[in-house]
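These notes are about the structure you will find just below.
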Amino acid sequence: MNHGTKTIELPQLTANLLRDGGCLIDNLFADLWKQMGMKARLDRIGFHKRSGTSAHELVYCLMIWVWLKVDSVGMFARESLKTFSCAEKDALYAALNQEDWNWRRLHREVARQAVGHMKTSGRHNAFVLDDSIQVRHGKKMPGVSSHFDHTSGRHVMGQQVLTLGLSSLGGFVPIDSELFISATKAQAPHQPFRDGRSIVAKRYRVALNQTKPQMAGDMIRRAQRAGIEADYLLADAWFGTKPIIRLAGEQLLTPILRMKKNTMKYRLTEHLEGRAISREMDVNTLYQSCIRCRWQKIPGQPYQAKALDVELNLSGTPDEVDQWIKVRLLFVRGIAAQEKAQPGKHDWAAFLTTDTSLAPQRILELYAMRWAIEVYFKEAKQYLGFLKEQSNHYAAYVASIHLTAMRFCMLVIAKSRHQADGIADIRQQITANATSIDYAARLWQVFRAVIAGALDELKMLLGDMASQVMETIERHVQSFFVQALQLDVGTLRLEAK
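To get the working numbering, take the position in the sequence shown, counting from 1, and add 146.
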């Protein structure tokens with residue numbers, strides 16, 4: 147889960163594009179809007195108005211306002227709207243509050259186009275699932291409810307957004323999003339929807355009544371029907387559950403999940419003196435009996451790990467028929483904190499996959515691709531207007547989560563159209579998207595050799611500082627890898643609790 151956590155400062159897709167001295171964002175966006183045929187696309191999907199400013203003109207304004215150094219739609223209407231349209235502020239809010247505009251379908255079509263611009267390889271494509279909380283305190287905001295924030299360890303009032311993205315060696319694209327309303331302190335709309343059969347009214351009922359695994363299943367099926375394919379499903383420990391593992395199997399995806407250190411039982415079969423002996427143990431007991439003090443070094447990585455093949459019963463209740471499947475649990479030892487020589491007894495993590503042929507290094511390489519969605523949430527909140535439209539209509543929240551994702555998708559397309567073949571771009575792609583820890587690690591060895599050679603020539607000037615510079619660079623690169631795999635001490639000890 148992402149909730150405004152402090153992350154390593156990395157080059158970002160949005161920031162890089164906006165800081166380009168030769169890039170005027172409004173001109174770039176206007177050209178891209180035409181090249182993508184957005185006007186015809188909006189007409190085809192059903193974005194219509196009976197009178198006044200056209201729907202495509204209003205959608206264009208709602209897409210672009212976040213990049214014009216204004217803090218809200220209202221401020222944009224006062225300061226910059228007349229540059230782009232003859233519409234008034236009320237027309238923008240009326241567009242946001244439309245209950246029958248299909249923002250999800252528009253988002254999916256834009257996402258599919260963005261995926262087409264990435265250099266994707268099916269062998270490396272992965273669906274990534276995660277959620278993020280936007281804290282809200284207003285008493286007149288429909289759909290706000292209480293959510294447990296795993297970062298702060300307390301309940302907060304706000305909106306939780308479940309997002310599905312596609313991560314590959316070419317980058318990351320957000321594909322679908324859904325608002326989730328918990329049963330605790332949920333605030334209902336203050337006035338009924340104009341039509342209970344409208345798109346927004348149906349989505350409000352989904353947000354109230356569906357579980358997150360159910361939402362995830364619907365999003366994956368919609369993506370697959372749209373022709374967006376992946377081989378893996380990646381998610382952090384808050385999604386390491388039997389329903390998500392079942393979902394992955396049903397959709398022919400290989401799950402690679404971080405698992406909670408809870409009471410979920412696994413069956414371990416051992417052969418002793420010609421007899422097969424099976425025992426059911428939770429992940430903590432497995433660690434104590436089979437993993438502790440038996441760590442093995444991962445080639446090329448600073449981690450120690452140990453893989454264990456066990457069985458998991460996917461049936462949810464005692465009344466259901468047993469559904470035992472083979473899974474591979476990968477236990478990974480965290481890196482010691484600076485003040486300690488060895489990692490603590492709780493400084494380990496467990497990953498699960500249903501592909502028992504995957505090597506430990508490959509499991510970590512694939513799981514590292516999940517970090518791209520964390521980068522997306524960070525950019526969405528800082529630059530892309532994530533739930534910042536000042537409206538208390540539930541339709542505006544639905545519009546906002548898809549507008550945010552479409553802005554990111556269009557930046558992906560713009561970046562691919564204006565790609566430069568420089569080292570800065572290669573570095574940006576690797577670090578900002580965090581799609582392959584293996585490739586990044588190998589490329590870092592090249593950069594390290596170049597930097598080390600340059601520092602050798604500067605030793606006469608720098609003296610002992612040359613080695614300090616190299617150590618600092620090494621430390622920052624290693625910190626990035628630790629963060630991408632969520633093997634930092636704070637995360638590991640939070641899981642242990």
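Beta carbons are placed, not taken as given, at the ideal position from N, Cα and C, and that holds for glycine.
| task | Counting only the same chain and skipping the five closest in sequence on each side, list residues whose C-beta sits under 8 Å from that of threonine 502. | result | Position 356 of the sequence shown, counted from the first residue, corresponds to residue 502. Only Asp455, Lys472, Val473 and Arg474 meet the Cβ criterion.
Sequence-distant residues of its chain with Cβ nearer than 7 Å to valine 261 (five each side left out): Here the question's residue 261 lines up with position 115 in the sequence shown. Around valine 261: Leu312, Val319 and Ile374.
Is the stretch 408 to 423 close to the stretch 276 to 284, with three or more CB pairs under 8 Å? no
How many angstroms separate the CA atom of serine 314 from the CA atom of tyrosine 513?
For this step, residue 314 is matched to residue 168 along the sequence shown. For this step, residue 513 is matched to residue 367 along the sequence shown. Cα to Cα, the separation comes out at about 11 Å.
Ends of the alpha helix (DSSP H) at isoleucine 559? Residue numbering aside, residue 559 sits at position 413 when the sequence shown is read from its first letter. 540 to 563 is the span of the alpha helix (DSSP H), which, as asked, contains isoleucine 559.
| field | Ordered list of beta strand (DSSP E) runs contained in the stretch 328 to 401, each at least 3 residues | value | 378 to 381
ask   = Would you report the Cα separation of glutamate 225 and phenylalanine 339, rounded to the nearest angstrom?
value = Translated into positions along the sequence shown, residue 225 becomes position 79. Translated into positions along the sequence shown, residue 339 becomes position 193. Whole-angstrom Cα-Cα distance: 32 Å.
inquiry  = In whole angstroms, give me the CA-to-CA distance for leucine 204 and alanine 518.
reply    = In the sequence shown, the residue the question calls residue 204 occupies position 58. In the sequence shown, the residue the question calls residue 518 occupies position 372. Leucine 204 and alanine 518: Cα-Cα distance of roughly 31 Å.
Have a look at the DSSP bridge pairing and note the partners of glycine 311. Residue 311 sits at position 165 when you count from the first residue of the sequence shown. DSSP output for glycine 311 lists Val274 and Pro320 as bridge partner(s).
Any idea if aspartate 468 is buried or exposed, counting beta-carbon neighbours within 10 angstroms, 16 or more meaning buried? Taking the sequence shown and counting its residues from 1, the one referred to as residue 468 is at position 322. Burial call: exposed.
* **Bridge partners - glycine 304, DSSP secondary structure assignment** => Start at 1 with the first residue of the sequence shown, and residue 304 comes out as number 158. In the DSSP output, where bridge partners are listed per residue, glycine 304 has Val281 and Ser291.
- Query: Quick one, which of Ala505, Gly395, Asn271 and Ile547 has its alpha-carbon nearest leucine 460's?
  - Reply: As a first step, residue 460 must be located in the sequence shown, where it is residue number 314. Comparing Cα positions, the closest option is Gly395.
Review point. To which residues does DSSP link lysine 452 through a beta bridge?
Key: Locating residue 452 in the sequence shown gives position 306, where the first residue counts as 1. Lysine 452 pairs with Phe477.
Requested in this report: Would you tell me roughly how many angstroms separate the C-alpha atoms of alanine 223 and leucine 380, rounded to the nearest one?
Outcome: The count along the sequence shown starts at 1 and reaches residue 223 at position 77. The count along the sequence shown starts at 1 and reaches residue 380 at position 234. Taking the straight line joining both Cα atoms gives about 40 Å.
CB-CB length for methionine 209 against leucine 549, believed under 8 Å: To locate residue 209, count along the sequence shown from 1; it is residue 63. To locate residue 549, count along the sequence shown from 1; it is residue 403. Methionine 209 to leucine 549, Cβ: 6 Å. Contact.
- request: Just list the beta strand (DSSP E) runs in the stretch 395 to 447, keeping only unbroken ones of 3 residues or longer that don't cross its boundaries, in chain order.
  value: 400 to 405, 412 to 418 and 421 to 427
For isoleucine 519, the residue or residues it bridges with in DSSP = For the purposes of this step, residue 519 is taken as the residue at position 373 of the sequence shown. Paired residue(s): none; isoleucine 519 is not in a bridge.
**Asked** Should glutamine 333 and methionine 287 be called a contact, given that it needs their Cβ atoms to be closer than 8 Å?
**Response** Counting from 1 along the sequence shown, the entry for residue 333 is found at position 187. Counting from 1 along the sequence shown, the entry for residue 287 is found at position 141. Result yes, Cβ atoms of glutamine 333 and methionine 287 sit closer than 8 Å.
Grouping DSSP H, G and I as helix and E and B as strand, with all else coil, what is tryptophan 247?
By one-based count along the sequence shown, residue 247 stands at place 101. Residue state, collapsed to three classes: coil.
Quiz item: Taking buried to mean at least 16 other C-beta atoms within 10 Å of its own C-beta, is arginine 553 buried or exposed?
Solution: Numbered from its first residue, the sequence shown carries residue 553 at position 407. Classification for arginine 553: buried.
Flag this pair as yes or no: are the beta carbons of proline 506 and isoleucine 444 separated by less than 8 Å? Position 360 of the sequence shown holds residue 506. Position 298 of the sequence shown holds residue 444. Yes, Cβ-Cβ distance for proline 506 and isoleucine 444 is below 8 Å.
Original post:
Which residue or residues does DSSP assign as beta-bridge partners of lysine 472?
Top reply: Start at 1 with the first residue of the sequence shown, and residue 472 comes out as number 326. The partner list for lysine 472 (beta bridge, DSSP) reads Glu457.
Can you look up threonine 499 in the DSSP assignment and give me helix, strand or coil?
Locating residue 499 in the sequence shown gives position 353, where the first residue counts as 1. It is a strand residue.
**Study point:** Contact set for threonine 415: own chain, Cβ-Cβ below 6 Å, skip 5 residues either direction
**Key:** Translated into positions along the sequence shown, residue 415 becomes position 269. For threonine 415, where only same-chain residues beyond five positions count, the Cβ hits under 6 Å are Ala422 and Ser424.
**Asked** Curious, which full-length alpha helix (DSSP H) runs of at least 4 residues does the stretch 185 to 254 contain?
**Response** 201 to 210, 219 to 225, 227 to 230 and 235 to 242
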